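Participant:
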Amino acid sequence: MSHVVILGGGFGGLAAAHELRTAHPELDVTVIDRRDHFFMGFAKLWDLAGIRPLVQGTRSLDALAGRGVRFVQADVVDLDAAGRRVTIAGGEVLEADALIIALGAAKAPPHLALLEAPSAHDLYDGAALPDIHADLDAITAGRVVVSILGGPFLCPPAPFEAALAVDERLRRRGVRHAVSVAISTPQPMTLPVAGVDASRYVAQFLAERDVELLAEAKVETVADGVIGFADGRTSAYDVLLGVPAAVAPRLLVDAGLTGASGFIEPDVATLRTGVERVYAVGDCTHIPNAIGALPKAGVFAAAEGVVAATNVAADLLGTAEATFDGYGYCFLELPGERVAFVEGNFLAEPRPEVTLTEADHAQYERKVAFERERLDTWLG
13 MSHVVILGGG FGGLAAAHEL RTAHPELDVT VIDRRDHFFM GFAKLWDLAG
63 IRPLVQGTRS LDALAGRGVR FVQADVVDLD AAGRRVTIAG GEVLEADALI
113 IALGAAKAPP HLALLEAPSA HDLYDGAALP DIHADLDAIT AGRVVVSILG
163 GPFLCPPAPF EAALAVDERL RRRGVRHAVS VAISTPQPMT LPVAGVDASR
213 YVAQFLAERD VELLAEAKVE TVADGVIGFA DGRTSAYDVL LGVPAAVAPR
263 LLVDAGLTGA SGFIEPDVAT LRTGVERVYA VGDCTHIPNA IGALPKAGVF
313 AAAEGVVAAT NVAADLLGTA EATFDGYGYC FLELPGERVA FVEGNFLAEP
363 RPEVTLTEAD HAQYERKVAF ERERLDTWLG
């Protein structure tokens, strides 16, 4: 029986494992992840906003066994891509007939160093949520800043959603009048990947909620309660929620799999790397498009995972191949259980063809169903 090893138990890895197990049960599938659990990134924002604790959207990766997939919780310490051999902590070596790399992205070390300052937190770290809650629930006057520290970063709408969640949390506490809220981005607009209309929509909503937008603001320093930007501007803060830039995991760099972008650069249509029967999907990849690159978001990782899994089966079993079409979408969450829906072909030329449906409660329910259906399908 041919053996497929999937590195990573996130969106891309789980979608690939599910596709292989349901469509090609004759293949043996192993998923390796250093974590023992999975949750969707936006579940952290629900926790931040006080909608639902993170644990309620968390599932154990051990549930993969019930889907006929072997799960190994371990750090991968060495990757021989050409030999399709994976060494995990403890020395065990797993050999594969095909590899799907879905390891996600690491965080830029210089940005993590900036967030070592007092009352500064990594917004994307689920383990930081208790400390974030404590700071936001203690502040009675001052300033909260959400700051995108560099790019590319994961889930482009999330920092703006977080700023609005902070605004809502402070309003519920009755202290918003005494606490200013701001968001900084090194980009010229809020959502360049989604286009001018979506960016304007977000900016207008921030303005309506009195959330200050600091555009083209590249962070250089964080010290003594002050953020210093490259153009000389500064912003005081009492609580800082930072978003580090994404970088490829060191393992992939050491394995010689990354390109000029700093990430793995697979074939856009098939997700094949330059190594035979080795595929890469999700945040560890760079997929170029007409305005730069595909956003690093779970929906794209999942779609790519299905394509990669289909093509792995084609390699091993001679079945039909698949191609990635660049279609994707995201749920832009606004206060009051309302969600705007952004969707389109992000690989279209000469620009991505993206539309935005204005926020309503029905789209919020759609987002809730999106999480529930995928968690149930992948992990039961």
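Counting from 13, one number per residue, gives the positions in the sequence shown under our numbering. No residue lacks a Cβ here, since even glycine has one placed at the ideal position from N, Cα and C. In this text, all values refer to a predicted model and were calculated from it rather than measured experimentally.
1) On the DSSP letters alone, give me the boundaries of the alpha helix (DSSP H) that Y213 sits inside.
2) The beta strand (DSSP E) that contains Q68, what's its start and end?
3) Would you say L283 and V319 are within 8 angstroms of each other, going by their C-beta atoms?
4) Would you kindly work out how many angstroms separate the C-alpha atoms of E38 and A281, rounded to a whole number?
5) On the three-pair Cβ rule with 8 angstroms, is the stretch 115-125 touching the stretch 219-230?
6) Quick check for students: name the residue ranges of the beta strand (DSSP E) that lie wholly in the stretch 68-111, counting only runs of 3 or more.
7) If you check the beta carbons only, do D87 and A108 fall under 8 angstroms apart?
8) Would you check whether the ligand SAM has a heavy atom nearer than 7 angstroms to the C-beta of R155?
9) Can you have a look at L329 and say buried or exposed, based on whether 16 or more other CB atoms are within 10 angstroms of its CB?
10) Across which residues does DSSP place S192 in a beta bridge pair?
11) Nearest-angstrom Cα distance between P362 and L91?
12) Classify E220: buried if its beta carbon has 16 or more other beta carbons within 10 angstroms, exposed otherwise.
13) Taking the beta strand (DSSP E) that T389 belongs to, which residues open and close that run?
14) Applying the criterion that 16 or more other CB atoms from any shown protein chain within 10 Å of the CB defines a buried residue, is Q375 buried or exposed?
15) Could you check what DSSP says for F312 in three-state terms: helix, strand or coil?
16) Counting C-beta neighbours from all protein chains within 10 Å, is the total for H298 16 or more, i.e. buried, or is it exposed?
17) Per DSSP, which one or two residues make a beta bridge with C167?
18) Could you say which of V366, Y341, D372 lies nearest to R350 if we only look at CA atoms?
19) The alpha helix (DSSP H) that contains H298, what's its start and end?
20) Nearest-angstrom Cα distance between E345 and R82?
21) For the alpha helix (DSSP H) containing E31, name the first residue and the last one.
22) To which residues of the same chain is Y341 closer than 7 angstroms at the C-beta, ignoring the five residues directly before and after it?
23) Tell me whether R46 is buried or exposed, calling it buried when 16 or more other Cβ atoms sit within 10 Å of its Cβ.
24) Do you know how far the Cα of A257 is from the Cα of C296?
25) Report the option in G207, I44, D40 whose CA atom is closest to the CA atom of P169.
26) If you reduce the DSSP assignment to three classes, tell me which class G162 lands in.
27) Which residue marks the beginning of the beta strand (DSSP E) containing R245, and which one marks its end?
28) Apart from the five residues on each side of it in sequence, which residues of its chain come closer than 6 angstroms, Cβ to Cβ, to E173?
29) Thinking C-beta only, is L203 closer than 8 angstroms to V187?
30) Quick one: what's got a C-beta closer than 6 angstroms to A55's C-beta in the same chain, skipping five residues either side?
31) Output the distance between the C-alpha atoms of E377 and E383, rounded to the nearest integer angstrom.
32) State the Cα-Cα distance for the pair G103 and R71, rounded to the nearest angstrom.
33) Taking the straight line between their C-alpha atoms, what separation do you get for M52 and H30?
34) Between the stretch 261-276 and the stretch 232-241, do at least 3 Cβ pairs fall closer than 8 angstroms?
35) Around the C-beta of I195, are 16 or more other C-beta atoms found within 10 angstroms, so that it is buried, or is it exposed?
36) Under the assumption that A302 contacts I276 (Cβ atoms under 8 angstroms), give the Cβ distance between them as a whole number of angstroms.
Facilitator: To lay it out plainly:
1) Position 201 of the sequence shown holds residue 213. Residues 208-220.
2) In the sequence shown, residue 68 corresponds to position 56, counting from 1. First-last for Q68: undefined, no H or E at that position.
3) Walking along the sequence shown from the start, residue 283 turns up at place 271. Walking along the sequence shown from the start, residue 319 turns up at place 307. Contact: yes.
4) For the purposes of this step, residue 38 is identified with residue 26 of the sequence shown, where counting begins at 1. For the purposes of this step, residue 281 is identified with residue 269 of the sequence shown, where counting begins at 1. If I take the Cα positions, the gap works out to 25 angstroms.
5) Too few Cβ pairs lie closer than 8 angstroms, so no.
6) Within the stretch 68-111, the complete beta strand (DSSP E) segments of 3 residues or longer fall at 82-85, 88-92, 97-100, 105-107, listed in chain order.
7) Residue mapping note: residue 87 aligns to position 75 of the sequence shown, counting from 1. Residue mapping note: residue 108 aligns to position 96 of the sequence shown, counting from 1. Not closer than 8 angstroms, so no.
8) With respect to the ligand SAM, the structure offers nothing, as it holds no ligand at all.
9) Counting from 1 along the sequence shown, the entry for residue 329 is found at position 317. So L329 ends up on the exposed side.
10) Working through the sequence shown from its first residue, we reach residue 192 at position 180. R155.
11) The sequence position of residue 362 within the sequence shown is 350, counting from 1. The sequence position of residue 91 within the sequence shown is 79, counting from 1. C-alpha separation (whole angstroms): 38 angstroms.
12) The count along the sequence shown starts at 1 and reaches residue 220 at position 208. That one is exposed.
13) Here residue 389 corresponds to residue number 377 of the sequence shown, with the count starting at 1. Here T389 belongs to no beta strand (DSSP E); instead the alpha helix (DSSP H) covers 373-391.
14) In the sequence shown, counting from the first residue as 1, residue 375 sits at position 363. Counting every other CB atom within 10 Å of its CB across the protein chains shown gives Q375 a total of 16 or more, marking it as buried.
15) On the sequence shown, residue 312 is found 300 positions in, with the first residue counted as 1. Helix, per DSSP.
16) Within the sequence shown, the letter at position 286 stands for residue 298. In the assembly as shown, H298 is a buried residue. Its beta-carbon has 16 or more other beta-carbons within 10 Å.
17) Sequence index remark: in the sequence shown, residue 167 carries index 155 (1-based). DSSP, once it has assigned bridges, lists no residue as partnering C167.
18) Along the sequence shown, read from residue 1 onward, the residue named residue 350 stands at position 338. Nearest option by C-alpha distance: D372.
19) Taking the sequence shown and counting its residues from 1, one reaches residue 298 at position 286. Where H298 is concerned, there is no enclosing alpha helix (DSSP H), given that its DSSP letter is neither H nor E.
20) Within the sequence shown, residue 345 is the residue found at index 333, counting from 1. Within the sequence shown, residue 82 is the residue found at index 70, counting from 1. Those two C-alpha atoms are separated by around 35 angstroms.
21) Locating residue 31 in the sequence shown gives position 19, where the first residue counts as 1. Segment 23-35, the alpha helix (DSSP H) holding E31.
22) In the sequence shown, counting from the first residue as 1, residue 341 sits at position 329. The beta carbon of Y341 sits closer than 7 angstroms to the beta carbons of V311, F353, V354, E355 from its chain, once the five residues preceding and following it are set aside; these are given in chain order.
23) Position 34 of the sequence shown holds residue 46. Exposed is the call here.
24) By 1-based counting over the sequence shown, the position of residue 296 is 284. By 1-based counting over the sequence shown, the position of residue 257 is 245. C296 and A257 have their C-alpha atoms spaced approximately 12 angstroms apart.
25) Your numbering for residue 169 matches position 157 in the sequence shown. In terms of CA proximity to P169, G207 leads the group G207, I44, D40.
26) Taking the first residue of the sequence shown as position 1, residue 162 is located at position 150. Coil, per DSSP.
27) Here residue 245 refers to the residue found at position 233 of the sequence shown. Run containing R245: none; DSSP gives neither H nor E here.
28) Taking the sequence shown and counting its residues from 1, the one referred to as residue 173 is at position 161. In the same chain as E173, and ignoring 5 residues on each side of it, the C-beta atoms closer than 6 angstroms to its own belong to L57, E345, in chain order.
29) Against the sequence shown, residue 187 aligns to sequence position 175. Against the sequence shown, residue 203 aligns to sequence position 191. Contact flag unset, no.
30) Working through the sequence shown from its first residue, we reach residue 55 at position 43. Cβ neighbours of A55 within its own chain (closer than 6 angstroms, five residues either side excluded): L66, G69.
31) Walking along the sequence shown from the start, residue 377 turns up at place 365. Walking along the sequence shown from the start, residue 383 turns up at place 371. The straight-line gap from Cα to Cα measures roughly 10 angstroms.
32) Here residue 103 corresponds to residue number 91 of the sequence shown, with the count starting at 1. Here residue 71 corresponds to residue number 59 of the sequence shown, with the count starting at 1. Cα-Cα distance, rounded: 28 angstroms.
33) Looking up residue 52 in the sequence shown gives position 40. Looking up residue 30 in the sequence shown gives position 18. If you take the alpha carbons of M52 and H30, they lie about 17 angstroms apart.
34) No contact exists between the stretch 261-276 and the stretch 232-241.
35) Residue mapping note: residue 195 aligns to position 183 of the sequence shown, counting from 1. I195 is buried by the Cβ-count criterion.
36) Taking the sequence shown and counting its residues from 1, one reaches residue 302 at position 290. Taking the sequence shown and counting its residues from 1, one reaches residue 276 at position 264. The pair is not a contact, with the Cβ atoms about 21 angstroms apart (cut-off 8 angstroms).
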